[in-house]
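A short worksheet on the structure shown next.
2 protein chains.
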Amino acid sequence: MSGPFGFTVEAGDGRARAGRLTTPHGEVLTPCFMPVGTKATVKAVLPPALEALGAQVVLANTYHLYFRPGAEVVRAHGGLHRFMDWPRPILTDSGGFQVFSLSDTRVVGDDGVEFSSVYDGSRHLFTPRLAIEVQEALGADIVMCFDQCAPGTLDRGEIARAVERTTRWAAECRAAQTRGDQLLVGIVQGGVDEELRRRSAAQLLALDFDAYAIGGLSVGERDEEMLATVELLDGILPADRFRYFMGIGDPVGVVEVVARGVDLFDCVLPTRLARTGSAFTSEGRLNLRNARYADDLRPLDRDCDCPCCRRYTRAYLRHLVNQREIAGMQLLSEHNLRVLVRLCERAREAIVAGGFARFADEIRATLSAAHD
Amino acid sequence: MSGPFGFTVEAGDGRARAGRLTTPHGEVLTPCFMPVGTKATVKAVLPPALEALGAQVVLANTYHLYFRPGAEVVRAHGGLHRFMDWPRPILTDSGGFQVFSLSDTRVVGDDGVEFSSVYDGSRHLFTPRLAIEVQEALGADIVMCFDQCAPGTLDRGEIARAVERTTRWAAECRAAQTRGDQLLVGIVQGGVDEELRRRSAAQLLALDFDAYAIGGLSVGERDEEMLATVELLDGILPADRFRYFMGIGDPVGVVEVVARGVDLFDCVLPTRLARTGSAFTSEGRLNLRNARYADDLRPLDRDCDCPCCRRYTRAYLRHLVNQREIAGMQLLSEHNLRVLVRLCERAREAIVAGGFARFADEIRATLSAAHD
Chain A
-3 MSGPFGFTVE AGDGRARAGR LTTPHGEVLT PCFMPVGTKA TVKAVLPPAL EALGAQVVLA
57 NTYHLYFRPG AEVVRAHGGL HRFMDWPRPI LTDSGGFQVF SLSDTRVVGD DGVEFSSVYD
117 GSRHLFTPRL AIEVQEALGA DIVMCFDQCA PGTLDRGEIA RAVERTTRWA AECRAAQTRG
177 DQLLVGIVQG GVDEELRRRS AAQLLALDFD AYAIGGLSVG ERDEEMLATV ELLDGILPAD
237 RFRYFMGIGD PVGVVEVVAR GVDLFDCVLP TRLARTGSAF TSEGRLNLRN ARYADDLRPL
297 DRDCDCPCCR RYTRAYLRHL VNQREIAGMQ LLSEHNLRVL VRLCERAREA IVAGGFARFA
357 DEIRATLSAA HD
Chain B
-3 MSGPFGFTVE AGDGRARAGR LTTPHGEVLT PCFMPVGTKA TVKAVLPPAL EALGAQVVLA
57 NTYHLYFRPG AEVVRAHGGL HRFMDWPRPI LTDSGGFQVF SLSDTRVVGD DGVEFSSVYD
117 GSRHLFTPRL AIEVQEALGA DIVMCFDQCA PGTLDRGEIA RAVERTTRWA AECRAAQTRG
177 DQLLVGIVQG GVDEELRRRS AAQLLALDFD AYAIGGLSVG ERDEEMLATV ELLDGILPAD
237 RFRYFMGIGD PVGVVEVVAR GVDLFDCVLP TRLARTGSAF TSEGRLNLRN ARYADDLRPL
297 DRDCDCPCCR RYTRAYLRHL VNQREIAGMQ LLSEHNLRVL VRLCERAREA IVAGGFARFA
357 DEIRATLSAA HD
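Chains A and B are the protein sequences, given in the same order.
For the first sequence, my numbering gives the first residue as -3, with consecutive numbering after it.
For the second sequence, my numbering gives the first residue as -3, with consecutive numbering after it.
Written out as structure tokens, the structure reads:
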């Protein structure tokens, strides 16, 4: 791995890995869940609270920051770390996912994608070169290739074309890079088709990226197909590079991909659920809008060490959620993130101790409990 | 002053006073601005942040908590301190202000007020006895008499009737009290009519309350009338009891009432302004939605010691406000509250040092600068 970066697998248990990633803004212990700070802020959780709950890396979105406030404003601050006051590692996506998911009038060409901005409807062209230029202005530690996200639910020809474009664009991203302090991650596409996944991985491996992401999953395919694809790639991707699964944030899903060799992952789910009053707990998912919690004096989760669970009752949290108080969003967002972070801490300990299989079974048995 | 309470004026400068209030949940140095936590949460600011910015007392609203979550839920927690995890002093109002301001179908009788709940339209009767019962369940350190708020803009006969009712109700509140650990404050009404204010104060003084509030101001009257009324009461209210001005939170207004002998005050203004992107600064009030701040790399206020001003630029804050990010509300709420708290800290120092008049002039010259 080049420059200021390093990645070492320190322990393995089955396919699960305990790793250590070095970046210009510090080390990251894996498995690692990365909270999403779409617009350079993790919704309702300020950086001191993020640090306190053990978050190691924050993700930000190139698409949104390109439009608001604009990459040059962030560059003038010296990059995202200072703009958003987050001193630890940051990862930016390439904008590819939003370009495909947020516009129904996009035109995909071999050079890039023309689309309408969700902010004002104006037409824009995103290319691999632009995605890198913007990410260099934003200044994250880890940056992503501009890819074409092709869900497994598309027809095979379309997915195959997305694989070809993703490879071409990955090479163009590599060529566009001018900064030596950003780790560029290649993204494997191919839906849930084994041959297309093998083809995409082989083409990207030929470009020899420092790390690989698994894209195009968690976008409508069946769980078994998703997990089979991750398992397939575990056998193909080089063991000494980290693997980043894009977009998974439910506790059981996280354990399943960690069990199949994934090191990093992100998702808006924990914070989005929190803002609607839902919480991950060791009894399953709780919806605090439910009247049954109106006079429930118990903590949200007896087994959790977050401020929300140490200081408040379910009755108070329900009151905040019902009254749409910002404090409810703050406390539940911190809690849900802490659940994911702690799950990763415990997964790592289990891997190091050689007890990951039992740990994973325990999580499957408790955290997938019926929702209410 | 009875039981676990005490109030001492430690220094005076002109009419301004530096006091020390003792309560079952700790001491309060005055002058003191109290942040408003209407529904048992100061909007967008959790208790650790409130403590960090130097807040000493938090106010909560009996009307809202009576309906949601209900006084019995709070009582079951052992009171508001544990319900909302605020270990320092709490003051609850009586619900009187909301009963009069939130319902246009109220029926005022000598026994109390019948009105429609803003939550579901159901009809309710609030009496002095009920206001005390609810406040005893909520368990604040300082509780308020149930009064009839009569703005100076009403006709004189109506204000006179409100004064009579307020006195009768104050006696009923006193008689209804069963707890010995709550300081009950009498509220002077009388609009901006000198004779009615004198009458109201004399009637309440005859009941010998431990502290007095000035109600019925900041509700539409002219500034000169408001200040003349405060000045009048400074000459009437006993010097050894604290005086609480209900509902003032702009920095210059705060200095003007402190200059006229007021010790405690509260207002939703700092947090409400923050949620719409407005900030108090030493250059006057700034509205961060203004495009001029889009690439402004300066802190919000160079003279402020709050986390928002130490860590962020106006450009970042404008971005958060424009994108309606919760972080913007968090940071600006903390900032605006810190401005008020620090203003009180500085006012106290000036009073102790005998330099309050110069301090007040400085605040009038800077903080009343043109808004933008």
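Where is the CB? At the ideal position from N, CA and C, for every residue including glycine.
From the beta-carbon of residue 64 of chain B, the residues of chain A found nearer than 8 Å are 315, 318, 319. Considered as a whole, the region 208 to 259 of chain A harbours 219 to 230, 247 to 254 as its complete alpha helix (DSSP H) runs of no fewer than 4 residues, in chain order. Non-local C-beta neighbours of residue 343 of chain B in its own chain, meaning closer than 6 Å and more than five positions away in sequence, comprise 27, 254, ordered along the chain.
Take residue 336 of chain B, set aside five residues on each side of it, and the residues of its chain with a beta-carbon closer than 6 Å to its own are 29, 266, in chain order. The DSSP-derived three-state label of residue 278 of chain A is strand.
Under the Cβ criterion of 8 Å, residue 125 of chain A is not counted among the residues facing chain B. Two segments are said to touch when three or more pairs of C-beta atoms, one from each, lie closer than 8 Å; by this definition the region 28 to 45 of chain A does not touch the region 274 to 281 of chain A. Listed in chain order, the beta strand (DSSP E) elements of length 3 or more contained wholly in the region 89 to 177 of chain B are 109 to 112, 119 to 122, 138 to 140.
Distance from the CA of residue 197 of chain B to the CA of residue 238 of chain B, rounded to the nearest whole angstrom, comes to 14 Å. Look at the beta carbons and you see the region 138 to 152 of chain B touching the region 211 to 221 of chain B: at least three pairs across the two are nearer than 8 Å. Residue pairing for residue 15 of chain B: DSSP places it in a beta bridge opposite B:5, B:26. Taking each of B:106, B:204, B:347 in turn and checking the Cα distance to residue 122 of chain B, the smallest one comes out for B:106. The alpha carbon of residue -1 of chain B has as its nearest neighbour, out of B:194, B:137, B:159, the alpha carbon of B:137. For residue 316 of chain B, the enclosing alpha helix (DSSP H) starts and ends at 310 to 318. Counting only the Cα atoms, residue 315 of chain B lies some 32 Å from residue 171 of chain A. If the five residues before and after residue 321 of chain B are omitted, its C-beta is found closer than 7 Å to no C-beta atom of its own chain.
Judged by beta-carbon spacing, residue 330 of chain B lies within the 8 Å limit of residue 304 of chain B, meaning their Cβ atoms are closer than that value. Neighbours of residue 139 of chain A in chain B, taken as residues whose beta carbon is under 9 Å from its own, are absent, since the nearest beta carbon is some 21 Å off. A Cβ of chain B is located within less than 8 Å of the beta carbon of residue 312 of chain A.
A contact is defined here as three or more CB-CB pairs under 8 Å, and the region 37 to 48 of chain B fails this definition with respect to the region 94 to 101 of chain B. Rounded to whole angstroms, residue 176 of chain A and residue 132 of chain A show a C-alpha spacing of 10 Å. Looking from the CA of residue 194 of chain A, the closest CA among A:219, A:50, A:180, A:227 belongs to A:227. Contacts with chain A at 8 Å (Cβ-Cβ) include residue 40 of chain B. Residues of the region 10 to 23 of chain A with a Cβ closer than 7 Å to any Cβ of chain B: none. With respect to the 8 Å criterion, residue 21 of chain B and residue 77 of chain B are classified as neighbours on the basis of their beta carbons. Among the CB atoms of chain A, one or more fall inside 8 Å of the CB of residue 307 of chain B.
Residue 151 of chain A and residue 3 of chain A have their alpha carbons spaced roughly 36 Å apart. When DSSP states are grouped into helix, strand and coil, residue 188 of chain B belongs to the coil group. The beta-carbon separation of residue 261 of chain B and residue 250 of chain B, rounded to 6 Å, stays under the 8 Å limit for a contact.
Between the alpha carbons of residue 53 of chain B and residue 80 of chain B lies a distance of about 13 Å.
Residues of chain B whose Cβ lies closer than 8 Å to the Cβ of residue 72 of chain A are, in chain order, 291, 293, 311. Looking at the backbone, the Cα of residue 231 of chain A and that of residue 11 of chain A are separated by about 9 Å. The residue from A:240, A:188, A:203 with its alpha-carbon nearest to that of residue 220 of chain A is A:188. In its chain, beyond the 5 residues on either side, 59 have a beta carbon closer than 6 Å to the beta carbon of residue 94 of chain B. Judged by DSSP in its simplified three-state form, residue 261 of chain A adopts strand.
Residue 323 of chain B belongs to the set of residues whose beta carbon lies under 8 Å from a beta carbon in chain A.
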